[in-house]
Every structure is written in structure tokens, then in C-alpha cells.
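Visitor: Below is the structure I would like to discuss, written out as C-alpha cells.
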Amino acid sequence: MALTQEQLELRALAREFAQSELRPHSARWDAERRLDADVHGKLAELGFFGMRVPEAYGGLGLDVPTYLTVLEQIAWGDASVALDLAIHNGPLVALLLGFADDAQKTRWLTPMASGDVLGAFALTEPQAGSDAAALSTRAERDGDGWRIRGRKRWVTNGARAGVVAVFARTGEGAHEVGLFLVEPGTDGYTVTGRETTLGLRATETVSVELDVRVDGSALVGQPGAAFGYAMQALGVGRLGIAAQAVGIAQAALEHAVAYALGREQFDRPLAAFGAIQEKLATMAIRVGAARSLLEQTAAALDLPAGPAALAPAAACAAAKVFASETAMYVADEAVQIFGGYGYMRDYPVEKLMRDAKGTEIYEGTNEVLRWIVARDLLGGDGASTGT
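Heads up, the final residue of the sequence shown is numbered 1196 in the working numbering, and it's a clean run with no missing numbers.
Here it is, written out as C-alpha cells:
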């Protein structure tokens, strides 16, 4: 699929930024488990926090394919930075655009576009991961507002965000869930700990306890309809993770090619051996296929599905599954090509393999996402509970 001139220019801008501002620091950020304080500010200057925000609210107003093209390049530079952007620009912006009223859009989209407010998404709980319908966090009416009590797990950006999309049960039905926009500075919003993860170590992922009161303006849409909102928003979110995975895979492939050309064994470069050539060829084929599926899915997202096509939720699930498993395969093969050096922290490919593993798990485990695809093929409703 040919890229437009705008997409080419934005991709080049993102690639240059990733090369100069992310890659030189990525290993240190991984070791220190934190990003430099000015990284988000630099991203904001380029408008990358407003990629999916309409121009009317100060954003770039990019369509989904263009947004994903930029996100892939950021992930090529550093996957943790890409994850921060994906959560902010993906499900949270999708929720606001799709279901918020005009006052809520004005209040939140403008500062989100400028980077003054970072967004977070709080759906998963200690006992409700893949089964998001099992939420135990509850929201009860309290005068003209709501009292929200419960615990959330694995909230990316959850401590430094300016607004968090919190999902809480509002009734007794399995899908009677409300969506509330909560400011972390609110009394009763408590970050109870930060996770120590295998990969994406510079990403701030936290657990949160809630005993907060919010006014009525915090409720988005109808009080019992947000389970459906979440499932729709996760489609864009999953495409963001797929783009992140493709960026990781592309980085691993490029490192493997460079190493194979430069490393000699038995008086020949590794690239001269047929076994290495076969690995590199298969890696390149899989990266290209993952990128093509992602682009095709993104381009068709707002179009009616043909008789043989997957429904949007299933198509997004399929793209995320294939891209994430491609990232894991390619990164693993890159480590193998590097040999003993690939297992060392001194070289970049072991980090890429650790980062790739996360893409198979978050925003819906691949096992759950395959179930979504199967339900669609078999005539089910395609309903999903993966986060």
C-alpha cells in the first residue's frame, strides 16, 4: 500500500526523532526504569500527543493509518515511549471522540493534544484481566455525583497522568459498566505500587486503589453502557500495539542484518552462511506481512466489511496477534544470530525480545484475541473481554 506524501513526511520526521532522541538513550532508560524528564515535552513539540485529536481541539487530526505509521517509527526507537503514546492516542482519545459530550471534549482533548495532560486507561483489575466483564470496582450514585471504590492493575501512565479513564460497575448485569474521567490528584486516588516488568521497563505501569468522589460531569455517556465503549476503543488500541510490535520487529531485523554482515566466523561473515540467510529472509518476510496486514486493517477500519471480511473488532484482533507474534519471532531469531552476544545486555536485541513479549499479552492476550476471531468466523457476536 503506497503511502501518501503526508504519511511519508511524518514517517521521516518520526524516524529522525527516534534516531536522534530515543535510540541513544534506550538502553539506559531500560536499566534505570525511567525515561528522561524531557522526552514527553519533545514529543509534544512535534504534536505527537495530539495525533488522533481533531484540529478543532489543537491536534493533528491524523487518520488511523497515518497515526500507526508514526507510532511504528517511535517504537523502532524505543518501545516504552511508543506505549505511552499508544495508550494516550489510542483507546483514551477514541473514547472521548466516540462517547464524550462537547464539554468533556473541550475540557480534555485540547490539553491532551498539547501534551499538558497525559492520558491513562484503567480497565484491568487483579481478578479481571482477560475477563473484563468480571469487574469488581463499583460506582454508586452520591448526590449529584458518583463514589467509585475498587482496585485497578497495570495502569500505564497511571501515576503521572492528568486524566484516567476508569471503568466501574454501575449495576448488577455483567455488562452494566460506567466510564468515568478521574483526575489522579483527586482525594482517594492512590497509587499503591509500580510494577517491575520483564520488558518495557521504562514504562510507568502502576496499581491503583480508588475511593474517590467525582461529580456528574465525570461520567462519559450512559452509566451502564461503557463495556461496549471499551470494546470499541480497544480496536484502535490493539492496532496501536500492532504498530508498536512492527517497530520492534523492524529494529530487531535491522540489527540482525548489520551484525550478520559485520561478524566473521570461519573467515567469512555470518551473512555468507545459508542458515543465516534463511533466517534473515524469513524475518523480513514476516515483518513485511505484519506491516501489510496492519495497514490493510487500518485502512478498512471505517469501511463496511465485505462478505468475506472479518468484522472490525476481529480484524483488529487478528492484526495485533500476527504483529506481536512476528515481533517475538524476529527478536528471538535476532538473539540467535547474535549468538552469545545476543544474550548480553551490552547488545540491543535482548531488550527487543523482552519488549516484544509484552505485545503478546497486553491489550488482550493473543489467546483471547484468537477467540474473538473464531467467534466472528463462526457467527458469534464477537464480544470480547481482553485488555
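The beta-carbon is built from N, C-alpha and C at its ideal position, and this holds for glycine as well.
Would you kindly report the start and end of the unbroken alpha helix (DSSP H) that includes VAL902?
Guide: Unbroken alpha helix (DSSP H) run through VAL902: 902-908.
Visitor: For ILE1057, does the count of other Cβ atoms within 10 angstroms reach 16, so buried, or fall short, so exposed?
Guide: Label assigned to ILE1057: buried.
Visitor: Taking the alpha helix (DSSP H) that GLY928 falls in, what are its first and last residues?
Guide: No alpha helix (DSSP H) contains GLY928, which is instead part of the beta strand (DSSP E) from 928-931.
Visitor: Please return the same chain residues whose Cβ sits closer than 6 Å to the Cβ of LEU869, not counting the five positions on each side in sequence.
Guide: Taken in chain order, the residues that qualify are GLY856, GLY859 and MET860.
Visitor: Any heavy atom of the ligand GDP inside 7 Å of the beta-carbon of ALA827?
Guide: Questions concerning the ligand GDP fall outside what the structure shown contains, since it holds no ligand whatsoever.
Visitor: I need the straight-line Cα distance from GLU881 to ALA1060, nearest angstrom please.
Guide: Distance between the alpha carbons of GLU881 and ALA1060 is about 10 Å.
Visitor: Could you compute how far the alpha carbon of LEU932 sits from the alpha carbon of PHE1036?
Guide: Each residue's Cα considered, the two are about 10 Å apart.
Visitor: Which word fits GLU1142, buried or exposed, when buried means at least 16 other C-beta atoms lie within 10 angstroms of its C-beta?
Guide: The residue is buried, with at least 16 neighbouring Cβ atoms inside 10 Å.
Visitor: Rank TYR1152, ASP940, GLU818 and ASP839 by C-alpha distance to the C-alpha of ALA1039 and give the top, closest one.
Guide: Ranking the options by Cα distance to ALA1039, first place goes to ASP940.
Visitor: Measuring straight from C-alpha to C-alpha, what distance separates SER1133 and ALA1054?
Guide: Distance between the alpha carbons of SER1133 and ALA1054 is about 5 Å.
Visitor: My parser needs the alpha helix (DSSP H) runs of 4 or more residues fully inside the stretch 827-882; what are they?
Guide: The stretch 827-882 contains these whole alpha helix (DSSP H) runs: 832-841 and 848-854.
Visitor: Helix, strand or coil, according to DSSP, for LEU988 in the structure here?
Guide: Here LEU988 sits in strand by DSSP.
Visitor: Just the Cα atoms here: how many angstroms apart are ASP1020 and PRO833?
Guide: Rounded to the nearest angstrom, the two C-alpha atoms are 41 Å apart.
Visitor: Go ahead and pull the three-state DSSP assignment for ASP1076.
Guide: It is coil, neither helix nor strand.
Visitor: Using a threshold of 8 Å, state whether the C-beta atoms of ARG1095 and TYR1138 are closer than that.
Guide: A contact, by the Cβ cut-off of 8 Å.
Visitor: Can you give me the start and stop residues for the beta strand (DSSP E) that THR1005 sits inside?
Guide: Counting along the chain, THR1005 falls outside any beta strand (DSSP E), and DSSP gives it neither H nor E.
Visitor: Touch check for the stretch 1167-1182 and the stretch 1006-1019: three-plus C-beta pairs under 8 Å?
Guide: Because the criterion of three Cβ pairs below 8 Å is met, the stretch 1167-1182 and the stretch 1006-1019 touch.
Visitor: Closest by CA to MET921, which one among ARG960, ASP910, VAL964 and GLY867?
Guide: Checked all of ARG960, ASP910, VAL964 and GLY867; the closest Cα to MET921 is GLY867.
Visitor: What are the residues that DSSP puts in a beta bridge with TRP955?
Guide: Paired residue(s): ARG950 and VAL1023.
Visitor: Taking the DSSP output, what are the residues bridged to THR1227?
Guide: The requested residue 1227 does not occur in the structure, where the chain is confined to residues 810 to 1196.
Visitor: Can you list, in chain order, the residues of its chain with a C-beta nearer than 6 Å to that of GLY1033? Leave out the 5 residues immediately preceding and following it.
Guide: Within the same chain, GLY1033 has close Cβ partners THR979, GLY980 and GLU985.
Visitor: Report all residues from its chain with a CB closer than 7 Å to the CB of LEU1178; omit the five preceding and five following residues, and keep chain order.
Guide: Taken in chain order, the residues that qualify are ALA1126, LYS1129, VAL1130 and GLY1195.
Visitor: Please work out which residues of its chain come closer than 6 Å, Cβ to Cβ, to SER835, disregarding the five sequence neighbours upstream and downstream, and give them in chain order.
Guide: If we look at SER835 and ignore the five residues flanking it on each side, its Cβ neighbours are ASP887.
Visitor: In angstroms with no decimal places, state the Cα-to-Cα distance between GLU934 and ARG958.
Guide: Roughly 12 Å separates the two Cα atoms.
Visitor: Comparing alpha-carbon positions, which option in LEU1070, ALA929 and ALA912 lies nearest GLY899?
Guide: Checked all of LEU1070, ALA929 and ALA912; the closest Cα to GLY899 is ALA929.
Visitor: Give me, in chain order, the residues of the same chain whose beta-carbon lies closer than 6 Å to that of GLU838; leave out the 5 immediate sequence neighbours on both sides.
Guide: Residue identity check: residue 838 is Trp in the sequence provided, not Glu. So the list reads LEU844 and ALA1011, once near-sequence residues are dropped.
Visitor: Would you mind reading off the limits of the beta strand (DSSP E) that contains ARG1154?
Guide: ARG1154 -> no beta strand (DSSP E), and no H or E assigned at all.
Visitor: Identify every residue that forms a DSSP beta bridge with TYR998.
Guide: Bridge partners of TYR998: LEU1019.
Visitor: Quick one: what's ALA977 bridged to in DSSP?
Guide: Beta-bridge pairing links ALA977 to GLY987.
Visitor: Three-state secondary structure (DSSP) at ALA937?
Guide: It is a strand residue.
Visitor: Taking 8 Å as the threshold (C-beta atoms), are LEU1048 and LEU1103 in contact?
Guide: Cβ atoms of LEU1103 and LEU1048: closer than 8 Å.
Visitor: Just how far apart, CA to CA, sit GLU818 and LEU871?
Guide: C-alpha separation (whole angstroms): 13 Å.
Visitor: Of the choices THR999, GLU1063 and LEU988, whose alpha-carbon is the least far from that of GLN1031?
Guide: Here the closest residue by C-alpha is LEU988.
Visitor: Any idea what DSSP makes of GLY1195, helix, strand or coil?
Guide: Any reading at GLY1195 needs caution, since the residue's pLDDT is 41, under 50, leaving its predicted position unreliable; the model's value is listed next. Reduced to three states, the DSSP call for GLY1195 is coil.
Visitor: For GLU992, collect the residues of the same chain with a Cβ closer than 8 Å to its Cβ; drop the 5 residues on either side in sequence, then sort them by chain order.
Guide: GLY971, VAL972, VAL973 and TYR998.
Visitor: When you compare each of VAL1017, PHE976, GLY1002 and GLU1013 to ASP996 by their alpha carbons, which one comes out closest?
Guide: Nearest C-alpha to ASP996: VAL1017.
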